[in-house]
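Numbers 1 to 61, taken from full-length UniProt numbering, label the letters of the sequence shown in order. The C-beta atom is built at its ideal place from N, Cα and C for all residues, glycine as well.
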Amino acid sequence: MPLQEENRRDDTAEEMRLTDVVLLKAESVADKVGWLEKLRNVVESKGAQLKGQSAPPMRSW
């Protein structure tokens, strides 16, 4: 029986890791609030529940 080459991928280099942190930069606080509302609507439309209903802290750079 001939030797067969194993088809194994090294996923460690390509793996995307999930985090709880998203850095959202916007030109103004109003733009950032608008983007957060859009993201919240998309998440809720997919049936996911948000961890907290309060607004996340916003830092100005």
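Could you tell me the distance, in whole angstroms, from the CA atom of residue i to the CA atom of residue j?
i, j, result
"residue 39", "residue 24", "11 Å"
"residue 32", "residue 47", "23 Å"
"residue 36", "residue 21", "13 Å"
"residue 34", "residue 41", "11 Å"
Among the residues of its own chain, which have a CB less than 8 Å from the CB of residue i, if the five just before and after it don't count?
i, result
"residue 13", "Any reading at residue 13 must be qualified, since the residue scores a pLDDT of 48, below 50, and its modelled position is unreliable; the value itself is stated next. Excluding positions up to five away in sequence, the list is empty."
Identify, in the order they occur along the chain, each residue of the same chain with its Cβ nearer than 7 Å to the Cβ of residue i, setting aside the five sequence neighbours on each side.
i, result
"residue 66", "Past the boundaries of the shown model lies residue 66; the chain is included only from 1 to 61, so the question cannot be answered."
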